[in-house]
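Enquirer: Chains as they are written, first to last, in the working numbering: chain A, 1 to 339; chain B, 1 to 339.
Don't be surprised by glycine CBs; every beta carbon is placed ideally from N, CA and C.
Since the structure is predicted, the reported quantities are computational estimates derived from the model, not experimental observations.
Below is one structure. I have some questions about it.
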DNA sequence: CCTCGAATCGAAAGCGTTTTCGTCAGTGGA
DNA sequence: TCCACTGACGAAAACGCTTTCGATTCGAGG
């Protein structure tokens, strides 16, 4: 490995001067600057990030805790899209992403904070982390800048971000109402995630605003995945009177529900209308193509990145909670009924 | 931040001794060992990875170059699954994953090798990287241990791994033949990826072994994505005589082809049989459920991880090329015909 | 000719570890 | 009593870089 000393020797200057050239300090003459740059290039020199990090106390890397257990299922690609656009933004500022492994050796540091400190990451990005994770309280109390998605974090340097879940849920219900539906069911989330709660809240608010009846037989809970949507639909169909439409807190549950309907000889999108949430890639490929609330994953990743960069740069900037707008994507799974 | 000197002072020993305790050296008495360990715990000490990396010349991190351009489309989750199981294995050995950003600031190091050196990663994992990437030749010539998937790499410390694409393609064709098909088309890959080439090869070999006719009107090319499958199918349907079955180099192209068939009033899986490749999550959800060749993503990730760990540990171990078995998943998109 | 400021450079300390090698006390054997 | 050896520990160098601050030179202004 070539070091700045190698360059210094070849250029007939001190290592200090080389370092100054490499870091754009002004107190270097044009001539030596160019000479050092030339030699740097010739030698294919790469600065050693560890050495630099040791003295600057910055690693130019952002730690990512990404949990995509089975439970997440098809949210999988959803979170990956967010990370991708997040990375595109922070990459432009020179950051790479350090993904912490879920598995660790027995003696290794444990917990968000300890692992972040160990690696010396400059900031943290959290996705798919359950609200009940044990390491969370101590993390948010620390001075490490952190941004999370779909996880409500409260600490001096912890911002969080999610889609407008309440607004999205209202949008879904409003759309159904506009299509003539008055009996509208809901399949929510059994784990008490923040988005799940908000979507349930939006559902209730919309019903209230519209003056529509709330019937507990028409609501059920799942885990965001296909099978649970199927079960939930079956449960709702046990009610004496059926809803004419059901809003699901995730696309995959809506898709599972389609299967349940067909098993009962019902045609999804005609006999019972369905609206999902997320707009996963398959939503437009299933039959009938699923009407859903699209989350803007690109905007989420980019906003999260900008927020974290800002948090890292200004030690005293207070954290924020960021909401990303959603939009209704109308396809074939909602029938117009009545008048 | 607490350092080993803080611990040393509190324990009344030298930093050397603390370091020895932390690294399990034998020449420390039981008494001082326990004392140091206790204080380490009390102070919530975390070793500084940069400082340690500086002297040990190891970072305990593995660099990942992951390219998932639009072209990859639905292979997306496929590659992510591989990374996930890869990470689970290397995580147990204490490694975290450093994902290099696609975007970089203008003055930053460029190319696989330079960026790997800069970060001091202990090894490299490559996914979704095109064979024509400019940095590849210099990378494989370097002494950096690297493992890639679906990319044929040749260098002193470069192993690569892929599914048994040839065998899988043969499997698909054999299955069709067993179901009575003799007129079998193929939709391959236009970009000359290694897997695409191998699947084409397997297709040809199987035809030959079975003594079936090869008709160039029955083969077309796409880019692994849905739309291209649709177009390819249309092109094949322009032949005067139609094949009774088509084998696609990816599930998504097969799914696109379903749309093409329906546009012509044909029923996929009955009028024309389809076999895909990959077994992406949607394959079982489309109608008709897609018969396909399943790639074992878990095995791919785990094998890749073991190979890389081994390569990193033994500087003189020659590289390998690893093939992961595939399996046929028979669903509803292949009709039995003839006798 | 003297002084002063600007421009340019380098010495040295420091970042937090690991690791080599030496020191020293104690122990057992001759 | 002496010697060799073992066990326990620490001094110091090294890893590759950044940054402060002082030194030196040079030209301009007085």
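(1) What are the residues in the region 79-93 of chain B lying within 9 Å of chain A by C-beta distance?
(2) Could you tell me which chain A residues have their CB closer than 9 Å to the CB of residue 59(B), listed as they occur along the chain?
(3) With a threshold of 8 Å between beta-carbons, can residue 19(B) be considered close to chain A, or not?
(4) Cβ of residue 95(A) less than 8 Å from any chain B Cβ?
(5) Can we say the region 6-13 of chain A touches the region 29-36 of chain A, given the rule of at least three CB pairs closer than 8 Å?
(6) For the ligand FAD, is there a heavy atom less than 7 Å away from the beta-carbon of residue 167(A)?
(7) Taking the runs of the alpha helix (DSSP H) that are 4 residues or longer, which of them lie wholly in the region 127-182 of chain A?
(8) Counting Cβ pairs closer than 8 Å, one from the region 163-173 of chain A and one from the region 290-300 of chain A, do we hit at least three?
(9) What in chain B is Cβ-close to residue 46(A), meaning under 8 Å?
(10) Any beta-carbon of chain A closer than 8 Å to the one on residue 71(B)?
(11) Beta carbons nearer than 9 Å to chain B: which residues of the region 282-304 of chain A have them?
(12) With 16 as the cutoff for other CB atoms within 10 Å, does residue 178(A) come out buried or exposed?
(13) Helix, strand or coil: which one does DSSP assign to residue 83(A)?
(14) So, residue 184(A) versus residue 254(A), is the Cβ gap smaller than 8 Å?
(15) Using a Cβ-Cβ cut-off of 8 Å, state whether residue 99(B) counts as contacting chain A.
(16) Among the residues of its own chain, which have a CB less than 6 Å from the CB of residue 186(A), if the five just before and after it don't count?
(17) For my contact list, residue 128(B) and residue 67(B) are in at a C-beta cut-off of 8 Å; report their separation, rounded to the angstrom.
(18) When DSSP labels each residue in this structure, what does residue 289(B) get in the three-state scheme?
(19) Mind checking who residue 326(B) pairs with in its DSSP beta bridge?
(20) Exposed or buried, what is residue 211(A) when buried is set at 16 or more other beta-carbons lying within 10 Å of its beta-carbon?
(21) Take residue 193(B) as the anchor and find which of 238(B), 250(B), 23(B) has the nearest alpha-carbon.
(22) Excluding the 5 residues flanking residue 74(B) on each side, which residues of the same chain have their C-beta closer than 6 Å to its C-beta?
(23) Report the start-end ranges of each beta strand (DSSP E) in the region 224-295 of chain B that is 3 residues or longer and not cut off at the edges.
(24) What residue does the alpha helix (DSSP H) around residue 12(B) start on, and which one ends it?
(25) For residue 6(B), name the three-state secondary structure that DSSP assigns.
(26) Ignore the nearest five residues each way along the sequence and tell me which others in residue 214(B)'s own chain have a CB closer than 6 Å to its CB.
(27) Return the CA-CA distance between residue 286(B) and residue 80(A), expressed in angstroms with no decimal places.
(28) In whole angstroms, give me the CA-to-CA distance for residue 263(B) and residue 63(B).
(29) Just the chain A side, please: which residues come within less than 7 Å of residue 103(B) by C-beta, in chain order?
(30) Would you please state the rounded distance, in angstroms, between the beta carbons of residue 301(B) and residue 85(B)? I believe it to be under 8 Å.
(31) For residue 268(A), which residues from the same chain have a beta carbon less than 8 Å from its beta carbon, with the 5 sequence-adjacent residues on both sides left out?
(32) Taking residue 54(B) as the query, report the chain A residues whose CB atoms sit under 9 Å from its CB, ordered along the chain.
(33) To be precise: take each residue of the region 245-265 of chain A, compare its Cβ to all Cβ atoms of chain B, and keep it if any distance is under 8 Å. Which residues remain?
(34) Would you identify the three-state DSSP class for residue 213(A), choosing helix, strand or coil?
(35) Report the CB separation of residue 120(A) from residue 53(A) in whole angstroms; it is logged as a contact under 8 Å.
(36) In angstroms, rounded to a whole number, what distance separates the CA positions of residue 4(A) and residue 18(A)?
Expert: Considering the structure as presented:
(1) 80, 81, 83, 84, 87, 88, 89, 90, 91, 92, 93
(2) 49, 50
(3) no
(4) yes
(5) yes
(6) The model on display carries no ligand, and the ligand FAD is accordingly not part of it.
(7) 136-141, 165-178
(8) yes
(9) 109, 114, 117, 118
(10) Low per-residue confidence applies at residue 71(B): pLDDT is 46, beneath 50, and the placement is therefore not dependable, though the value from the model is reported in the following sentence. It does not: the Cβ of residue 71(B) has no partner Cβ on chain A nearer than 8 Å.
(11) 282, 285, 286, 287
(12) exposed
(13) helix
(14) no
(15) yes
(16) 203, 219, 247
(17) 4 Å
(18) coil
(19) 295(B)
(20) exposed
(21) 250(B)
(22) For residue 74(B), the pLDDT reaches just 49, beneath the cut-off of 50, and the residue's location in the model is therefore unreliable, although a value from the coordinates is still provided. Cβ within range, chain order: 252, 280.
(23) 245-248, 273-278, 291-295
(24) Neither: residue 12(B) is in no alpha helix (DSSP H) and is coded neither H nor E.
(25) helix
(26) 207
(27) 23 Å
(28) 46 Å
(29) 88, 91, 92
(30) 3 Å
(31) 257, 258, 261, 262, 274, 288, 333
(32) 48, 50, 51, 53, 54
(33) 255
(34) coil
(35) 6 Å
(36) 6 Å
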